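Residue numbers are given in the UniProt record's numbering: position 15 of the sequence shown equals residue 15, and the series is strictly consecutive.
Built from N, CA and C at the ideal position, the CB exists for glycine as well.
Nothing here was measured: the structure is a model prediction, and the numbers come from that model.
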Amino acid sequence: MLIQLKEAKLSDLLSIYLIQKAAFKSLFLRYQDGETSPYLQSFEKLNAKFSASNTTYYLIMTAQKTVGFLKLTVEQEHTTKLSSIALLPSYENRGIGRQAMTLIERNVQTDTIHLNTILQEPKLVHFYHSLGYSQTGRFQSTSSAICFVSFTKKIAAK
């Protein structure tokens, strides 16, 4: 299944919000993390993040249907943070996330991407390792038993 990435517009915000709710619901139910879970994020907070000057949301499209999104934040001149990647649950395990990551890596304007994911989710940890990301650290959520792991990848010079 081939995908395309399309820069999101403000008119796409409701779709992003609904995808975020669907994509992160199972993780919220598993860990009950009221501090960091995107599942609990309000539409207003999402709107504020969407409007940040250093942040870009990309829709993940397949056959003209929006099936997910990525959120990228340029943190420094040479570093982009992948803050979120979310897919509708019915589109998981089809290679869409891998394709989306490959496309983003080709198009970011920085030479490093970093991200955080949940250490207790081996499938997520394996996914980023398989894409060539290196583990760079760990930190504990202050309100739950979740431990997050940080990953970094150097991207070819732009």
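Ser84 sits buried, since 16 or more C-beta atoms from the chains shown fall within 10 Å of its C-beta. Cβ-Cβ distances below 8 angstroms link Met61 to Ile3, Gln4, Leu5, Lys6, Val67 in the same chain, with the five nearest sequence neighbours on each side left out; the list follows chain order. In this structure, Val149 is the residue among Phe28, Ser11, Val149 with its C-alpha nearest to the C-alpha of Phe127. DSSP places Ser15 in the helix class (H, G or I) of the three-state scheme. No Cβ-Cβ contact shorter than 8 angstroms links Thr73 with Asn47. Counting of Cβ neighbours within 10 angstroms places Ser37 among the buried residues, the total reaching 16 or more. In this structure, Glu105 sits near Ile113, with a CB-CB distance shorter than 8 angstroms.
Contact annotation: Phe69 and Ile118 have beta-carbon atoms that are not nearer than 8 angstroms.
For Thr36, the secondary structure class from DSSP, reduced to helix, strand or coil, is coil. For His129, the secondary structure class from DSSP, reduced to helix, strand or coil, is helix. With 16 or more other Cβ atoms inside 10 Å of its own Cβ, Gly97 counts as buried. Within the same chain, and ignoring the five residues on either side of Lys71 in sequence, the residues whose Cβ sits closer than 6 angstroms to its Cβ are Tyr57, Ser83, Ser84. The UniProt domain "N-acetyltransferase" (3-156) is shown to contain whole beta strand (DSSP E) runs of 3 or more residues at 4-7, 55-62, 65-76, 79-87, 112-118, 134-140, 147-154, in chain order.
Within its own chain, the residues whose Cβ lies closer than 8 angstroms to the Cβ of Arg94, once the five positions on either side in sequence are excluded, are Met1, listed in chain order. The C-alpha of His129 is placed about 13 angstroms away from the C-alpha of Lys154. Leu13 is positioned such that its CB atom lies closer than 8 angstroms to that of Phe50. For the options Phe151, Leu88, Thr79, Asn107, the alpha carbon positioned closest to that of Lys25 is the one of Leu88.
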